[in-house]
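In this note's numbering, the protein residues as written are 15 to 226. Ideal Cβ placement from N, Cα and C applies to all residues, glycine included. Encoded as structure tokens, the structure appears first; notes follow it.
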């Protein structure tokens, strides 16, 4: 388990160094067997300690370590949605949080298919209606969405993403921030989006999801 703990703390430092986790915002977790290692409540991702992580079971029960992030229901919801999920990242990164305050592009994705890498690394990213941070009902709605996804935007809040490895979850979190920044930079100017066929072909080839 020491490698899992070390990998998680290194991932937190990486996100903080990229400027995607201001202050004590953001949280991340990794699944190891039937346990989840998750950042504690109020933790600064820039200076996590491997021996100071919270440990939960897959139902979110606190097993060991300090009090977990209040956002842990979002994490367990994504692990329950897909047994192959191995990591979850939730951030308040600036551009993605800004896009979460805008009307969604569609029912299935708040963000349009603007770049191939967004479709490849993330895929459709629905907007979940606003709820207070840590709201268990919001996490349940995420768990029960009736179409496949790797990520969602929480309205007026920010992104939560999953991956079948910690690296994949980190890449998806960074990609959401990048495509959100592009979307904001374009503003109201007409932009060429990937066609439905182009997006679906990329999603199929890279095992992501696009379309209901």
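Next on the checklist: If I follow the unbroken alpha helix (DSSP H) through residue 152, where does it start and stop?
Outcome noted: 150 to 158
Checklist entry - What do you reckon, are the CB atoms on residue 89 and residue 34 nearer than 9 Å? => result no
Checklist entry - Roughly how many whole angstroms lie between the Cα atoms of residue 230 and residue 95? => result With the chain represented from 15 up to 226, any question about residue 230 goes unanswered, as that position is not in the structure.
Checklist entry - Does DSSP classify residue 193 as helix, strand or coil? => result helix
Checklist entry - With a Cβ-Cβ cutoff of 9 Å, do residue 163 and residue 139 count as a contact? => result yes
Checklist entry - By how many angstroms is the C-alpha of residue 209 removed from the C-alpha of residue 68? => result 43 Å
Next on the checklist: Please state the DSSP three-state secondary structure of residue 114.
Outcome noted: coil
Checklist entry - Considering residue 59, what are the terminal residues of the alpha helix (DSSP H) in which it resides? => result No alpha helix (DSSP H) contains residue 59, which DSSP labels as neither H nor E.
Checklist entry - Secondary structure at residue 161, three-state DSSP: helix, strand or coil? => result coil
Next on the checklist: Between which two residues does the beta strand (DSSP E) holding residue 172 run?
Outcome noted: 172 to 177
Checklist entry - In or out: residue 144 buried (at least 16 other Cβ within 10 Å) or exposed? => result exposed
Next on the checklist: Can you give me the C-alpha to C-alpha distance between residue 6 and residue 52, rounded to a whole angstrom?
Outcome noted: The question about residue 6 has no answer, for the chain in this structure spans 15 to 226.
Checklist entry - My guess is that residue 87 and residue 153 are in contact by the Cβ rule of under 8 Å, so how many angstroms apart are they, rounded? => result 3 Å
Checklist entry - Which residues in the same chain as residue 85 place their Cβ atom closer than 7 Å to its Cβ, once the five residues preceding and following it in sequence are excluded? => result 41, 104, 147 and 148
Checklist entry - Bridge partners of residue 80, per DSSP? => result Partner(s): none; residue 80 has no beta bridge.
Item to check | Residue(s) in a DSSP beta bridge with residue 49 | outcome: 46 and 71
Next on the checklist: Would residue 184 and residue 100 qualify as a contact pair, given that the criterion is a beta-carbon distance under 9 Å?
Outcome noted: no
Next on the checklist: Let's test the definition: count the other Cβ atoms within 10 Å of the Cβ of residue 111 and tell me whether it reaches 16, buried, or not, exposed.
Outcome noted: buried
Item to check | Nearest-angstrom Cβ-Cβ length linking residue 133 and residue 217, presumed shorter than 8 Å | outcome: 6 Å
Item to check | For residue 197 and residue 113, believed in contact at Cβ under 8 Å, the rounded distance | outcome: 6 Å
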